[in-house]
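The structure appears below as structure tokens.
Number of protein chains: 2
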Amino acid sequence: MDEGASTITVSDVGEFGLIARVTQGLAPSPGTLLGPGDDAAVVAAPDGRVVVSTDTLLENRHFRRDWSSAEDVGHKAAARAFSDIAAMGARPTALVVALAAPGDLELTWIDGLMSGLRAECAQAEGAIVGGDVTAADTVMIGLTALGDLEGREPVTQAGARVGDLVAVCGRTGWAAAGFAVLSRGFRSPVQVVAAHRRPEPPYAQGPVAAQLGATSMTDLSDGLVGDLGHVAAASGVRIDLRAELLDVPAKLREVGAALNTDPLVWVLTGGDDYALAATFPRTIAVPAEWRVIGAVTEGEGVRVDGRRWSVGGHEHYR
Amino acid sequence: MDEGASTITVSDVGEFGLIARVTQGLAPSPGTLLGPGDDAAVVAAPDGRVVVSTDTLLENRHFRRDWSSAEDVGHKAAARAFSDIAAMGARPTALVVALAAPGDLELTWIDGLMSGLRAECAQAEGAIVGGDVTAADTVMIGLTALGDLEGREPVTQAGARVGDLVAVCGRTGWAAAGFAVLSRGFRSPVQVVAAHRRPEPPYAQGPVAAQLGATSMTDLSDGLVGDLGHVAAASGVRIDLRAELLDVPAKLREVGAALNTDPLVWVLTGGDDYALAATFPRTIAVPAEWRVIGAVTEGEGVRVDGRRWSVGGHEHYR
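Spelled out as structure tokens, the structure:
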């Protein structure tokens, strides 16, 4: 047995050693006015308002250490946090990380997690500015993301208007297909497994859509039907999707055929891709990065080709 | 058996029912530009910078449901979060709450927690603006607090200068005495038990000290010696405390006598009171709310009457 670095645990270095470990290698950022190590951090908020969102990832509930590497978990956690910021039309600025971990966790897992968090922060152009570590029985990652509106009004879920077009930016259904593959004990096709492990939210398109005049926006954490259902409810409208407008790529059809699953179900109800969905007035030319998938009408709920979808998004405790 | 409201659990109402429950009764605040219910909240940051700090409270590690009521836990959690903001010299503005709870938790416990959080937010003049709920095996409360510097520079732990006076504002040792009482199976004296259950951080004195020109500041979560040790290390100085200047109230002496413990140990090393400690240049008249307890000298570490204290603050994993 190699008793090298990989066998050092969280307990071996203690709380302050762990704090030193997780804060090393953090890149300086122009918006970080005071970084980790004090009672609190100080972050630039040039707009005079700050956008804030919090999320928790729990081991064996939001990730499995045998399905995802530590780096993957870091990427996914930061993606989940910053996609909420982008969905308001804001630019991600900062992330604070509350980490709870058992004492026997290998330090290399923490290193991997932080590496993934740092890399995804670089993608989103936000910086890790602070955090907290605690002993616990399982790994828990609490992330709070901050963002700046750059002078724009926030794009809420409540602004969709009858007549608007509904559009989506980013992948939908890929993470669900990857989850289905992993659930059946497979590790390929790698494209869908990678999509489950490392979602790729189109961060920059949140501010782009806001700038263009999107009337409502949300990120897709619970799935297209589930999250657009929140938009429909908040806006007091109905959202009509047309299945023929949805992108069901060849790779998802292939996986669906292998697993005897209609891939359209993944596209409509799969969560964890963290794509963005928005509504645009018809006077606006929807950018090429966005795909129009339906329209806002009078009524309530979400319909697909006129039919109500009974398969909802993910809900805890159900 | 009464099968009334008290037997309704988190599972009975589900995730969205729980979200509705925790967001009801939240008071509007002028600084809350967009409150709970969307992808993220929007909070006023008039200073153009935002102070941010995150904390996690875990059942059976930071609180026990048989020692503290749900209201107490809410008070303590918010106090812990906002005292970090005050310690930077900032005014608390907002709180986001990440709550993880088992499905069989009684809904009345959640109601109590939120009631305590709301009440402590009112004390600190911050508002709950958003959050997240997740199913878990035990209760976990992740809090991220935001604050506004109102044009002042943040008061860090790194600014203490040789010659400064060291002063403390708020109770020290009371929560530790309460913990000692509860640990031995007692429930009184109520004053120290209450101090353990509901710390009373002097929030407003953080900005006051900053305004006056405090050179460094921290909140006392790990105890006077432990937290001032961080200040000494960050500032590259030694902190000399004089025991005769410390307040050891009659109540702590009484409890110490009953439990055969030197109450000075609680005052010097007890955490969880969330008092503020700061250093002031001698040219500044330290306000009446603050008690001078020592001075900053050349060297390193914290001394009490010239002696090094070996009993440190609380550290996880040790």
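Respectively, the protein sequence lines represent chains G and U. To convert, note that position 254 of the first sequence is 254 in the working numbering; the numbers rise steadily by one, no gaps. To convert a position in the second sequence, counted from 1, into the working numbering, add 318. The C-beta atom is built at its ideal place from N, Cα and C for all residues, glycine as well. Quick caveat: nothing in here was measured; it's all calculated off a predicted structure.
Next on the checklist: Does the region 338 to 356 of chain U come into contact with the region 103 to 116 of chain G, if we say contact requires no fewer than three beta-carbon pairs (one atom in each stretch) closer than 8 Å?
Outcome noted: The region 338 to 356 of chain U is not in contact with the region 103 to 116 of chain G.
Checklist entry - Nearest to Val414/U by alpha carbon, out of Arg367/U, Ala404/U, Ala396/U and Gly407/U? => result Position 96 of the second sequence, counted from the start, is the residue given in the question as residue 414/U. Comparing Cα-Cα distances from Val414/U to each of Arg367/U, Ala404/U, Ala396/U and Gly407/U, the minimum goes to Ala396/U.
Item to check | Minimum length 3: unbroken beta strand (DSSP E) runs contained in the region 552 to 602 of chain U | outcome: The region 552 to 602 of chain U contains these whole beta strand (DSSP E) runs: 556 to 559 and 594 to 598.
Checklist entry - Which term fits Asp2/G, buried or exposed, when burial requires 16 or more other beta carbons within 10 angstroms of its beta carbon? => result Position 2 of the first sequence, counted from the first residue, corresponds to residue 2/G. With a pLDDT of 47 at Asp2/G, under the threshold of 50, the modelled position of that residue is not reliable, and the figure given next carries that caveat. By the 10 Å Cβ count, Asp2/G comes out exposed.
Checklist entry - Arg61/G touches chain U at which residues, Cβ-Cβ below 8 Å? => result Along the first sequence, read from residue 1 onward, the residue named residue 61/G stands at position 61. Among the residues of chain U, those whose CB is under 8 Å from the CB of Arg61/G are Thr452, Ala453 and Ala454, following chain order.
Checklist entry - Within 10 angstroms of its Cβ, does Arg303/G collect 16 or more other Cβ (buried), or is it exposed? => result By 1-based counting over the first sequence, the position of residue 303/G is 303. Arg303/G should be labelled buried.
Checklist entry - Considering only residues of the same chain and omitting the five flanking positions on each side of Met293/U, which have a CB-CB separation below 6 Å? => result Limits of chain U in this structure are 319 at one end and 636 at the other, which puts residue 293/U out of reach.
Checklist entry - What did DSSP end up calling Met88/G once you bin it into helix, strand or coil? => result By 1-based counting over the first sequence, the position of residue 88/G is 88. Looking at Met88/G - three-state DSSP - the assignment turns out to be coil, as it is neither helix nor strand.
Next on the checklist: Run through chain U and tell me which residues come within less than 9 Å of Pro199/G, C-beta to C-beta.
Outcome noted: As a working note, residue 199/G is residue 199 in the first sequence. Neighbours of Pro199/G on chain U: none; closest Cβ ~15 Å, over 9 Å.
Next on the checklist: Under 8 Å, CB to CB, which of the residues in the region 84 to 117 of chain G have a partner in chain U?
Outcome noted: Asp84, Ile85, Ala87, Met88, Ala90, Ala94, Val96, Val97, Ala98, Ala100 and Gly103
Checklist entry - Is there contact between the region 555 to 570 of chain U and the region 463 to 474 of chain U, where contact requires at least three CB pairs shorter than 8 Å? => result Taking 8 Å as the limit for Cβ pairs, the verdict is that the region 463 to 474 of chain U does not touch the region 555 to 570 of chain U.
Checklist entry - Which residue's Cα is closest to the Cα of Asp363/G: Val225/G, Arg152/G and Asp227/G? => result Residue 363/G lies beyond the residue range present for chain G, which begins at 1 and ends at 318; the question has no answer from this structure.
Item to check | For Ile110/G, three-class secondary structure by DSSP | outcome: Position 110 of the first sequence holds residue 110/G. Here Ile110/G sits in helix by DSSP.
Checklist entry - Between the beta-carbon of Gln157/G and the beta-carbon of Ser83/G, is there less than 8 Å? => result Residue mapping note: residue 157/G aligns to position 157 of the first sequence, counting from 1. Residue mapping note: residue 83/G aligns to position 83 of the first sequence, counting from 1. Not closer than 8 Å, so no.
Checklist entry - Is any beta-carbon of chain U found at less than 8 Å from that of Asp247/G? => result Residue 247/G sits at position 247 when you count from the first residue of the first sequence. No, Asp247/G lies away from the interface with chain U (no Cβ there is under 8 Å from its Cβ).
Next on the checklist: Quick check on DSSP: helix, strand or coil for Val620/U?
Outcome noted: Residue mapping note: residue 620/U aligns to position 302 of the second sequence, counting from 1. DSSP places Val620/U in strand when its eight states are reduced to three.
Next on the checklist: Considering just the uninterrupted stretch of the beta strand (DSSP E) at Ile8/G, what are its terminal residues?
Outcome noted: Here residue 8/G corresponds to residue number 8 of the first sequence, with the count starting at 1. No beta strand (DSSP E) holds Ile8/G; DSSP gives it neither H nor E.
Item to check | Interface flag, Leu58/G vs chain U, CB-CB below 8 Å | outcome: Within the first sequence, numbered from 1, the residue matching residue 58/G stands at position 58. By this cut-off, Leu58/G is an interface position.
Next on the checklist: Any beta carbon from chain U within less than 8 Å of Val166/G's own beta carbon?
Outcome noted: Here the question's residue 166/G lines up with position 166 in the first sequence. Output row for Val166/G: interface = no.
Checklist entry - From Ser68/G to His75/G, what distance separates their C-alpha atoms? => result On the first sequence, residue 68/G is found 68 positions in, with the first residue counted as 1. On the first sequence, residue 75/G is found 75 positions in, with the first residue counted as 1. Taking the straight line joining both Cα atoms gives about 10 Å.
Next on the checklist: Per the DSSP calculation, Cys169/G is bridged to which residue(s)?
Outcome noted: The residue you call residue 169/G lines up with position 169 of the first sequence. Answer is Leu276/G, bridged to Cys169/G.
Next on the checklist: Within the continuous alpha helix (DSSP H) that includes Ala512/U, where are the two ends?
Outcome noted: Along the second sequence, one-based indexing puts residue 512/U at 194. Counted as a single uninterrupted DSSP element, the alpha helix (DSSP H) harbouring Ala512/U occupies residues Val508 to Arg515.
Checklist entry - Terminal residues of the continuous beta strand (DSSP E) containing Val208/G? => result Sequence index remark: in the first sequence, residue 208/G carries index 208 (1-based). Unbroken run through Val208/G is the alpha helix (DSSP H), Gln205 to Leu212; no beta strand (DSSP E).
Checklist entry - Taking the beta strand (DSSP E) that Val614/U falls in, what are its first and last residues? => result By one-based count along the second sequence, residue 614/U stands at place 296. Per DSSP, Val614/U belongs to the beta strand (DSSP E) from Arg609 to Thr615.
Checklist entry - Using the beta-carbon of each residue, which ones in chain G are nearer than 9 Å to Gln475/U? => result The count along the second sequence starts at 1 and reaches residue 475/U at position 157. Chain G residues near Gln475/U: Gly37, Asp38 and Asp39.
Checklist entry - In terms of alpha-carbon separation, which member of Val573/U, Ala528/U, Gln523/U and Gly491/U lies closest to Phe504/U? => result Within the second sequence, residue 504/U is the residue found at index 186, counting from 1. Taking only the C-alpha atoms, the option nearest Phe504/U is Val573/U.
Checklist entry - Under 8 Å Cβ-Cβ, which residues of chain U neighbour Arg49/G? => result Within the first sequence, residue 49/G is the residue found at index 49, counting from 1. Correct list: Leu351, Val360, Val361, Ala362 and Ala363.
Item to check | Residue nearest to Gly130/G in terms of C-alpha spacing, selected from Met88/G, Val292/G and Val43/G | outcome: Sequence index remark: in the first sequence, residue 130/G carries index 130 (1-based). The option with the nearest alpha carbon to Gly130/G is Val43/G.
Next on the checklist: Taking 8 Å as the threshold (beta carbon to beta carbon), is Pro287/G in contact with chain U?
Outcome noted: For this step, residue 287/G is matched to residue 287 along the first sequence. So, not an interface residue.
Item to check | 8 Å Cβ cutoff met for Ala167/G and Asp272/G | outcome: Here residue 167/G refers to the residue found at position 167 when the first sequence is read from its first residue. Here residue 272/G refers to the residue found at position 272 when the first sequence is read from its first residue. Taking 8 Å as the Cβ cut-off, Ala167/G and Asp272/G do not qualify as a contacting pair.
Item to check | CB-CB length for Val162/G against Gly178/G, believed under 8 Å | outcome: Here residue 162/G refers to the residue found at position 162 of the first sequence. Here residue 178/G refers to the residue found at position 178 of the first sequence. So it is not a contact: roughly 36 Å between Cβ atoms.
Item to check | Counted within 10 angstroms of its Cβ, other Cβ atoms place Thr56/G as buried (16 or more) or exposed | outcome: Stepping through the first sequence from its first residue, residue 56/G is reached at position 56. Thr56/G is buried by the Cβ-count criterion.
Item to check | Residues of its chain near Gln523/U, where Cβ-Cβ distance is below 8 Å and the 5 sequence neighbours each way are ignored | outcome: Looking up residue 523/U in the second sequence gives position 205. Same-chain partners within the cutoff: Ala404, Cys487, Gly488, Leu594, Pro605, Glu607 and Trp608.
Checklist entry - Along the chain, where does the alpha helix (DSSP H) that runs through Ala493/U open and close? => result Numbered from 1 along the second sequence, position 175 holds the residue referred to as residue 493/U. Run containing Ala493/U: Trp492 to Ser501, per the alpha helix (DSSP H) assignment.
Checklist entry - Just curious, the beta strand (DSSP E) that Asp219/G is in, first and last residue? => result On the first sequence, residue 219/G is found 219 positions in, with the first residue counted as 1. Segment Ser216 to Asp219, the beta strand (DSSP E) holding Asp219/G.
Item to check | Length of the line joining the Cα atoms of Glu438/U and Gly460/U | outcome: Taking the first residue of the second sequence as position 1, residue 438/U is located at position 120. Taking the first residue of the second sequence as position 1, residue 460/U is located at position 142. When the Cα atoms are used, Glu438/U and Gly460/U turn out to be separated by approximately 16 Å.
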